[in-house]
Amino acid sequence: MTRSVDSAATPETPDEASFLRDTVRAFRRNRMAMAGLIFILLLVFCAVFVPWISPHDPYRVALDEQLLPPSTTYWLGTDNFGRDVLTRILYGARISLVVGIVPSLISLLIGTIMGILSGYLGGKTDFVVMRLADMMIAFPSLLLAMVVMYTLGANLLNIFLALALVGWASVARVVRAQTLALREKEFVEAAHANGTSRGRIMFDHIFPNVVPTLIVLFSLSIPEAIMWESSLSFLGVGVQPPAASWGLLVAKGKEYMFQNPSVAISPGVAILLAVLAFNFIGDGLRDALDPSMKD
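First residue of the sequence shown: 2, per the numbering used here; consecutive thereafter.
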């Protein structure tokens with residue numbers, strides 16, 4: 002839905018309210034998207050309240066309880082230090098969700114600004130931004146993230162920086178393409194003819210019309226960031242012990258596959274389910290925000 006936004010705050014128009022209702026209704030009709038949303042909400046709840054839900058300490062070492070099989074006390078068994086696997090998976094969900102959301106927001110912000118500037122201003126600005134984006138996309142994302150982590154050190158802040166660095170370019174290209182189409186629309190030309198500044202045209206008229214696309218990009222970039230973080234931790238350049246990260250749990254657990262397979266399999270299944278859930282949500286949002294998909 003193409004719309005122009007005045008500089009002053011205006012109440013929601015009937016068309017906007019109808020569009021929002023139709024979008025929510027279309028999303029709720031998508032069973033896979035709703036299943037993904039319910040799973041993610043449940044995962045967030047468990048991750049936030051795990052200190053009160055689980056009776057076990059994720060960092061308590063009990064060498065007399067090493068690699069115990071699943072039981073009523075330890076639902077997924079214990080690792081090589083006698084720590085409860087399920088508790089560490091839930092604590093690892095905190096890291097995975099934060100790493101999925103924060104770098105995605107940063108890359109979305111950078112990519113949106115760069116894409117709108119490139120598409121609307123054109124000329125040298127477009128050339129410089131797109132060549133920079135091409136240079137970023139030319140490098141394998143995981144390899145570039147590993148270089149950043151090796152250079153700056155393995156900690157959570159540097160993971161945010163590394164994943165934001167490899168993610169903004171694809172966002173910028175999508176936003177640029179939409180901006181190129183929007184700047185030819187009548188409402189943008191009218192705003193330009195009325196003497197509206199370039200900054201206000203980009204912020205008040207173009208940006209609101211790329212928001213639906215940004216919502217979909219954000220929902221789809223979260224599982225990608227989770228996979229990258231898990232890969233970095235698995236390779237030893239991400240989250241460091243004794244912190245609980247899904248990728249790190251898989252890396253350490255694979256050494257004890259024959260003694261207690263759930264040590265490695267359980268965090269791997271958690272990664273799989275979280276990535277699938279976010280992808281279902283992203284697909285549902287894409288279909289719900291696409292007017293051609295609505296009845």
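The C-beta atom is built at its ideal place from N, Cα and C for all residues, glycine as well. Just so you know, these numbers come straight off a predicted model, no measurement behind them.
Contact under 8 Å by Cβ, residue i with residue j
i      : j      : result
TYR92  : VAL51  : yes
ILE282 : LEU98  : no
SER108 : GLY168 : yes
ILE1   : VAL172 : Residue 1 is absent from the model: the chain starts at 2 and stops at 296.
ARG177 : GLY116 : yes
TYR75  : LEU69  : yes
GLY78  : ALA63  : no
LEU183 : VAL189 : yes
VAL149 : LEU162 : yes
PHE40  : LEU274 : yes
Proximal residues to residue i (C-beta, below 8 Å), its chain only, five neighbours per side dropped
i      : result
ALA9   : Summary for ALA9: the model assigns pLDDT 41, below 50, so the residue's position carries little reliability; its value from the coordinates is reported in the next sentence. So no residue of the chain qualifies.
ILE111 : ALA165, TRP169, VAL172 and ALA173
ASP65  : GLY83
PHE235 : GLY248, LEU249, VAL251 and ALA252
ILE90  : LEU77, ALA245, TRP247, LEU250, SER267, PRO268 and ALA271
Same chain, Cβ closer than 6 Å to residue i, five either side skipped, listed in chain order
i      : result
ALA94  : LEU44 and ALA48
MET147 : VAL238
LYS255 : ALA265
PHE279 : ILE223 and PRO224
Between the CA atoms of residue j and residue i - distance to the nearest angstrom
i      : j      : result
ASN159 : ILE223 : 17 Å
SER105 : PRO243 : 25 Å
VAL103 : THR113 : 15 Å
TRP251 : PRO268 : Rather than Trp, the amino acid found at residue 251 in this sequence is Val. For VAL251 and PRO268, the distance between alpha carbons rounds to 6 Å.
LEU145 : LEU215 : 24 Å
SER19  : LEU122 : 33 Å
ALA34  : VAL212 : 20 Å
LEU153 : HIS206 : 39 Å
ARG26  : ASN210 : 20 Å
ASP305 : GLN179 : With the chain covering 2 to 296 only, the question about residue 305 has no answer from this structure.
LEU286 : PRO141 : 28 Å
LEU42  : PRO59  : 22 Å
SER55  : PRO71  : 15 Å
ASP288 : PHE208 : 20 Å
ASP85  : TYR151 : 31 Å
Distance between beta carbons of residue j and residue i, contact taken as under 8 Å
i      : j      : result
VAL264 : ILE96  : Their Cβ separation, rounded to whole angstroms, is 18 Å, which puts VAL264 and ILE96 out of contact at 8 Å.
LEU133 : THR126 : Actually they are not in contact, since the Cβ atoms of LEU133 and THR126 sit about 11 Å apart, beyond 8 Å.
ALA175 : LEU143 : Strictly speaking, residue 175 in this sequence is Val, with Ala absent from that position. The pair is not a contact, with the Cβ atoms about 21 Å apart (cut-off 8 Å).
TYR257 : ASN31  : Actually they do not touch by this definition, with Cβ atoms about 40 Å apart.
HIS57  : THR88  : 5 Å
Cβ-based neighbour list, residue i, same chain, cut-off 7 Å, excluding 5 preceding and 5 following
i      : result
ALA155 : VAL238, GLY239 and GLN241
For this session: Run through the stretch 196–220 for me and flag every whole alpha helix (DSSP H) of 4 or more residues, listed as ranges in chain order.
Result: none
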